[in-house]
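Number of protein chains: 2
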Amino acid sequence: MVLASVPRRLSPGVGNSNDQTRRHNLSTVLTFLHHGGPQSRAQLTGLSALNRSTTGALVAELVELGLAYETEPADSGRVGRPSPIVHANGKVVAITVNPDIDAVTVGVVGLGGLLHHLVRRETDAVPTVGASIRIVQEVLDGMRDEIATEFRVAGVGIAVPGLVNSRDGVVALAPHLGWRDEPVAEPFAAALGFRAAVANDAALATVAESIFGAGRGVQDLVYLNGSASGIGGGVLAGGVMLRGSRGYAAELGHTLVNSSGIRCHCGKRGCLETEVNLGLLLQVLGRDSAGLDEVDALIAAVPDARPEIERQLDVLALAIGTFVSVFNPESIILGGFLGSLYEADPARLRASVNAASVVGLADPVRLERARLRSRLLTTGAAELVFADLLADPAGTVF
Amino acid sequence: MVLASVPRRLSPGVGNSNDQTRRHNLSTVLTFLHHGGPQSRAQLTGLSALNRSTTGALVAELVELGLAYETEPADSGRVGRPSPIVHANGKVVAITVNPDIDAVTVGVVGLGGLLHHLVRRETDAVPTVGASIRIVQEVLDGMRDEIATEFRVAGVGIAVPGLVNSRDGVVALAPHLGWRDEPVAEPFAAALGFRAAVANDAALATVAESIFGAGRGVQDLVYLNGSASGIGGGVLAGGVMLRGSRGYAAELGHTLVNSSGIRCHCGKRGCLETEVNLGLLLQVLGRDSAGLDEVDALIAAVPDARPEIERQLDVLALAIGTFVSVFNPESIILGGFLGSLYEADPARLRASVNAASVVGLADPVRLERARLRSRLLTTGAAELVFADLLADPAGTVF
DNA sequence: GGTAAAAAGTTACCACACACAACATATTGC
DNA sequence: GCAATATGTTGTGTGTGGTAACTTTTTACC
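Printed below as a string of structure tokens:
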């Protein structure tokens, strides 16, 4: 008999008791609904590998908790008694906040991923934490009735471009916003009266793409996001987000790609983000700045930009080559202007990645552009709020 | 209220029932014993967060299964009734096999990590699978009585330097042994009559150092091993071994360190293992080959080797710098000749790593030499066997 | 239209897991 | 020798999911 493989979990963990079993099973069912959309009770039974009667009880409890509801069976066309469809309750919502240099975007996202509202409020100056809170208050004020009568707010999720300590809700450094050692979650919670959480935007984007985007169903992926502020990313390894000992893992923009390169603002030389960046791209496109939506159009419109695009693609491939041998992912997902670069010449990136990887190792790796676009950060920030609810549906009060 | 942080597990998983709770708890207790050594029942109660009576029942079941035994309480010196000491049963053993270019090493390791026997049998030629099996049979024949009367063999664990598909027990490629698409676990199991498993040696070394060596208690670490055949490694992320979608993750020797470097046998340019390697080191040490134990002595004895040592350390630091921003580990553990290199000038590596990392990110990262030395692979291969037993103590029959 | 087969909901009952509490036991400290 | 403390032991209770029998609702076919 052949045994399994290299041990996976090395640390012992703690004991489980009966209530934890129930919690786990409730969590499992609700997570299926949230990630997989409405499903019949019979499907849930199959997916969870639980008994028919158990699934029934779990769904009943979720309905009781107001987290799910059942509707008439769909016409399956198959023989046998039809199974009622179970839905995650989209009226349970997360408020999402995404502060940017020139705007604050506020969203209302329902359980199950339904986007109720998405409002972008431009600002005169780079928003402070206080200003962001005021904008959110204004937006929520505008939908006061709806929130009071229709929605149940699970909390506020804030996506910040910078180094964030999610544990205590403090932004260590967000260079573009000028935030430094700034408590964020606490003041939001205090001002709005909801639970609040803050996290790095690239990490949340990874979560969003994993659940609802190009990474659906994939257990091992690398997400790379290119923005005006540099290259960030996130890694899903074995279905688990890579965090590192202090939560600063997946700083993928500082991967070495050019050992004789120029010095990066991080102190190293030849980092990915000094070689592949939006500034250099916009320069050859003849623009000072551009929204990410415009970049695609510009790339198509300016043939002279070709050499620079190809250079950036080739350098990007070097970093991806390292990621391939380090993570052996199933998929590499490119967001922001990296998605535009990819779109400009998918074949070239594919060829360069294969050349920059251990022979054969990159062949089965999918290269893809991120799918969620404008909904990316809102979806990710909502996951931040829903995480607690999904982990313990019965125990989370809000 | 401030919510936790970025969601970790993204996929829903499956449901749990009562027997799984029991299995999990048995596994938890046995794993504590195996990793943490003999402990009192009271300590186990504390660690597992289970009730006193439950711990009692679990230990009783483990004793019943022959996987643990209890001894008289130690003199704690504290007030209160003394608690009996529970031990993992070291008579439950794994047979370990480590084929090398010029020898096959066979070990007998007990649950709890006790090394009963370690035998190295030199070979005239590079051993084939068949030859390895014959050597193991000879060695086991020599201790036939002991095995029949004293030990209970849980299985055979084989550590192979090469690309291994642990799932089906086939070695895809072990260049130094000349094995290619070679079924290994199956023939071992058939010939010896025990369950058998095979895995990559560097991955097993990572496991061993994590549990019994320099990485004890650490949840995030990078292990880098340098041998004659190149640089391999393993990564523990959040207490879980990094595996990748096909099990080929952590090919750390092929991290880019020199973008104008020479071509590596893997097809890329400027890989870590083309720049940092034992061959180049031995050259300046004036030797054709040397056991790893000799390298330390040689380094101390040949001052002229200094420039090459420093060059290799500096290049190694570049790779570590990338690993620091990618994994944000708590500890980097260096084994094989990389351990010797480190030992030659720890301060230099520390300085180079700091310079090659995002400012401040490397400061809290420990750099350490691997601790297990000659026991490394035997311990790792034994873990391969014990993994199943630890995961399901009551369900594993052997 | 009626009947059989299939699939799934429902319900009552069971096995078993851990917690809890009361009690027994073994130690220290005074 | 007694109180305090910690722990083992035992019996009881709550809650978990599984099981099996029954019911309901559908399709397929005659």
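Protein chains in written order, with our numbering: chain A, 1 to 398; chain B, 1001 to 1398.
All C-beta atoms in this analysis are idealised placements derived from N, C-alpha and C, irrespective of residue type, glycine included.
| Asked | Found |
| --- | --- |
| Are B:Thr1045 and B:Thr1055 touching if we call contact CB-CB under 8 angstroms? | yes |
| Over the uninterrupted alpha helix (DSSP H) stretch that includes B:Leu1242, give me the two end residues. | Note, B:Leu1242: premise wrong, no alpha helix (DSSP H); not H, not E. |
| Looking at B:Arg1144: is its Cβ nearer than 8 angstroms to the Cβ of B:Val1093? | no |
| Please name the residue, chosen from B:Pro1082, B:Ala1074, B:Val1086, that lies closest to B:Leu1062 on a Cα-to-Cα basis. | B:Val1086 |
| Just tell me which of B:Val1059, B:Val1106, B:Ala1172 has its CA closest to the CA of B:Thr1096. | B:Val1106 |
| Measuring CB atoms only, is the stretch 1359–1375 of chain B touching the stretch 1330–1349 of chain B, in the sense that at least three cross pairs come out at less than 8 angstroms? | yes |
| Work out the CA separation of B:Ala1154 and B:Leu1390 for me, nearest whole Å. | 11 angstroms |
| For the stretch 70–89 of chain A, which residues have a CB atom closer than 8 angstroms to at least one CB atom of chain B, in sequence order? | none |
| Under 6 angstroms Cβ to Cβ from B:Gly1234, same chain only, skipping five residues before and after it: list those, please. | Ala1202, Ala1203, Thr1206, Tyr1223, Ala1250 |
| For the alpha helix (DSSP H) containing A:Ile262, name the first residue and the last one. | A:Ile262 -> no alpha helix (DSSP H), and no H or E assigned at all. |
| For a contact meaning CB atoms closer than 7 angstroms, what does A:Arg287 contact in chain B? | Neighbours of A:Arg287 on chain B: none; closest Cβ ~29 angstroms, over 7 angstroms. |
| Can you give me the start and stop residues for the alpha helix (DSSP H) that B:Val1063 sits inside? | 1052–1064 |
| Establish whether the CB of B:Arg1008 and some CB of chain A are separated by less than 8 angstroms. | yes |
| Got a sec, what are the start and stop residues for the beta strand (DSSP E) A:His401 sits in? | One cannot answer for residue 401 of chain A here, as it falls past the ends of chain A, which runs 1 to 398. |
| Whose Cβ in chain B lies nearer than 8 angstroms to the Cβ of A:Leu204? | Val1006 |
| Under 8 angstroms between C-beta atoms, does A:Asn225 make it to chain B? | no |
| By Cβ distance below 7 angstroms, which residues in the same chain neighbour B:Gly1090 in space, the five residues on each side in sequence not counted? | Gly1110, Leu1111, Gly1112, Leu1114 |
| When you compare only the Cα positions, how much space is there between A:Arg399 and A:Pro303? | Shown here, chain A extends from 1 to 398; a query on residue 399 of chain A therefore has no answer. |
| Given this structure, state the Cα-to-Cα distance separating B:Leu1280 from B:Val1295, to the nearest angstrom. | 13 angstroms |
| Give a yes or no on whether the minimum CB-CB distance between B:Asp1314 and chain A is below 8 angstroms. | no |
| DSSP beta-bridge partners for A:Pro364? | Paired residue(s): none; A:Pro364 is not in a bridge. |
| Quick one: what does DSSP say B:Ile1231 is sitting in, helix, strand or coil? | strand |
| Tell me whether the stretch 317–331 of chain A and the stretch 346–358 of chain A touch, counting them as touching only if at least three CB pairs, one residue from each stretch, are closer than 8 angstroms. | yes |
| Determine the extent of the alpha helix (DSSP H) in which A:Pro346 is found, giving its start and end residues. | 346–355 |
| Measure the CB-CB distance between B:Gly1244 and A:Asp220 and report whether it falls below 8 angstroms. | yes |
| Just checking: is the beta-carbon of B:Asp1220 within a distance shorter than 8 angstroms of some beta-carbon in chain A? | yes |
| In the DSSP assignment, find the unbroken alpha helix (DSSP H) run with B:Arg1041 in it and report its ends. | 1041–1048 |
| Do B:Ala1196 and B:Ala1185 have their C-beta atoms closer together than 8 angstroms? | yes |
| Near B:Ala1228, which residues of its chain fall below 6 angstroms by C-beta distance, leaving aside the five closest residues on each side in sequence? | Leu1278 |
| Using beta carbons (cut-off 8 angstroms, strictly below), is A:Ala49 in contact with chain B? | yes |
| Nearest-angstrom Cα distance between A:Val365 and A:Val218? | 12 angstroms |
| Between which two residues does the beta strand (DSSP E) harbouring B:Pro1161 extend? | Careful: B:Pro1161 lies outside any beta strand (DSSP E) and carries neither H nor E. |
| State the CB to CB distance for the pair A:Leu26 and A:Leu58, rounded to an integer number of angstroms; the pair is presumed to be in contact (CB under 8 angstroms). | 6 angstroms |
| Taking C-beta pairs closer than 7 angstroms, name the residues in chain B that A:His254 reaches, listed in chain order. | Ser1325, Val1358 |
| If we cut at 8 angstroms on Cβ distances, does B:Ser1040 have a partner in chain A? | no |
| So which residues of chain A does B:Val1240 contact, with C-beta pairs closer than 7 angstroms? | Arg8, Arg9, Gly238, Val240 |
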